Amino acid sequence: MTTSIVQGMSSLYEMYSTRNSLHQKAYKHKTTRIVALMIAKAMNLVDDIVCVAGVEGAEGTKMSEATRDMFAFTNLTDHILHQILFHVSDDSRLRESKELLQRIKHRDLYRFV
Numbered sequence: 061m062t063t064s065i066v067q068g069m070s071s072l073y074e075m076y077s078t079r080n081s082l083h084q085k086a087y088k089h090k091t092t093r094i095v096a097l098m099i100a101k102a103m104n105l106v107d108d109i110v111c112v113a114g115v116e117g118a119e120g121t122k123m124s125e126a127t128r129d130m131f132a133f134t135n136l137t138d139h140i141l142h143q144i145l146f147h148v149s150d151d152s153r154l155r156e157s158k159e160l161l162q163r164i165k166h167r168d169l170y171r172f173v
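The numbers in the working numbering rise by one with no breaks, and the one at position 58 of the sequence shown is 118.
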């Protein structure tokens with residue numbers, strides 16, 4: 061084998077080894093999974109309450125339906141968590157969602173998944 065092929069194979073092996081390491085140490089870490097679960101629950105609770113801007117600025121696209129509207133989908137950023145935290149409403153689902161996000165912020169996470 062030529063040197064360039066061996067170097068290419070070595071780089072490819074290193075890339076997949078790094079990917080595997082990241083999956084084991086970060087992506088599938090128990091804390092990462094717990095936080096993801098808590099965020100998903102918080103977002104599900106307020107799906108009918110907090111909406112994102114859709115096509116041509118039309119308000120009212122539910123977060124769960126944003127995949128059907130590319131403009132709304134691109135508005136689903138981390139900012140949506142701030143919208144939940146600062147949204148004003150007496151709805152109990154919003155209150156529960158805010159409490160979950162506050163728990164994440166203060167590292168008061170679920171003990172078990």
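Just so you know, even glycine gets a beta-carbon here, dropped at the ideal spot from N, CA and C. Treat the numbers as computed from the prediction; the structure is a model and nothing was measured.
Put simply, of D108, T127, N104 and V115 the residue whose alpha carbon is nearest the alpha carbon of L160 is N104.
With a threshold of 16 other beta carbon atoms within 10 Å, G114 meets it and is buried. Judged by DSSP in its simplified three-state form, V95 adopts helix. Under the DSSP definition of a beta bridge, K122 partners with C111.
In the three-state DSSP reduction, K90 falls in the helix class (H, G or I). A Cβ-Cβ contact shorter than 8 angstroms links L154 with H147. Ranked by Cα distance from K165, the first of M75, Y76, A96 and S124 is A96. For V106, no alpha helix (DSSP H) run applies, since DSSP gives it neither H nor E. For G120 and R93, the gap between their C-alpha atoms comes out near 29 angstroms.
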